[in-house]
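A quick write-up on the structure given underneath.
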Amino acid sequence: MKTKPGTGDGLMLPLMEQFLSLQGEGVNTGRAAWFIRLGGCDVGCSFCDVKESWNPDLHPLVPANEIVEAAAESKAGSVVITGGEPLMWNLDHLTSELKSKGIAIFVETSGSEAPSGTFDWICLSPKKGQIINDFWFSAAGELKIIIETESDFVFAENLAKRVNNRCILLLQPEWSVRDKILPLIIRYISKNPDWRLSVQTHKYIKIP
Ligand code: SF4
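This is the structure in structure tokens:
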């Protein structure tokens, strides 16, 4: 967890953007959600489509209570907390306030940070070469591996051995190579039915 001045207790968080949309990928695809995108990430994936999130200093510190109010006003009933890597920050206050409003909380994390906050659904999406905190393997509802090259299937299988036995296993084509890699993923899942396909539906239907 990082200690950017003013964020230690989670009362202020670096907010990159927040908006109403549908969850585009993973198990909760198609569900309405208020997206809370926090700035800051030091994982550094080459294919990251939100590189502008990486530097937390570029994003204003916003009271977590204001973020909660906006989420409640959206009436989506669910939030997706994403980033960047949202667990760089203490999420205890944000998630307890969201929960007090009866809002379901989904989080997208690479698993690189120690846990904070409480969640109704955890999407664990680690990237090659990063450190993964063991907590996330035991807590994940879904393991979502981005497949960019054939070698990523081995990476996916190695991580699948570490998750809890309720965790849903997902393979998702990296967007820029989707036409090339999707047939390989389909063939792989056909032969390895423990895995399911996830695609970035929001990009196909052009919503944020
Ligand atoms: S972990 Fe997510 S936000 Fe961070 S670099 Fe990778 S894809 Fe981007």
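Going letter by letter, the sequence shown gives residues 4 to 211 in this note's numbering.
All residues carry an ideal CB built from backbone N, CA and C; glycine is no exception.
Asked                                                                                                                                                             : Found
My parser needs the alpha helix (DSSP H) runs of 4 or more residues fully inside the stretch 165-209; what are they?                                              : 181-194 and 204-207
For a minimum of 4 consecutive residues, which ranges assigned as the alpha helix (DSSP H) are wholly contained in the stretch 117-168?                           : 137-142 and 155-163
Using 8 angstroms as the threshold, is the C-beta distance between G13 and A67 below it?                                                                          : yes
Ligand 1 and K130: does any heavy atom of the ligand fall closer than 7 angstroms to the residue's C-beta?                                                        : yes
Using C-beta distances below 6 angstroms, list every residue in its chain close to A163, excluding the 5 sequence neighbours before and after it, in chain order. : L172
Could you pull the DSSP bridge partners for E72 from this structure?                                                                                              : None; E72 has no bridge partner.
Grab the span of the beta strand (DSSP E) containing E111 for me, first residue to last.                                                                          : A107 to T112
For the candidate residues C126, T85, A79 and I70, whose alpha-carbon lies nearest to that of S99?                                                                : I70
At a threshold of 7 angstroms, does G87 count as lining ligand 1 (C-beta to nearest heavy atom)?                                                                  : yes
When you measure from the CB of S113 to every non-hydrogen atom of ligand 1, does any distance come out below 7 angstroms?                                        : yes
Can you tell me whether A117 is buried or exposed, with buried defined as 16 or more other CB within 10 angstroms of its CB?                                      : exposed
Determine the DSSP secondary structure at S99, reduced to helix, strand or coil.                                                                                  : helix
Name the DSSP bridge partner or partners of W37?                                                                                                                  : L23 and V82
Measuring CB to CB, does F156 end up less than 8 angstroms from T85?                                                                                              : no
If we count the other Cβ atoms within 10 Å of its Cβ and call it buried at 16 or more, is T152 buried or exposed?                                                 : exposed
Compute the distance between the beta-carbons of G114 and N136, then report whether it is under 8 angstroms.                                                      : yes
Would the C-beta of S179 count as close to ligand 1, meaning under 7 angstroms from any of its heavy atoms?                                                       : no
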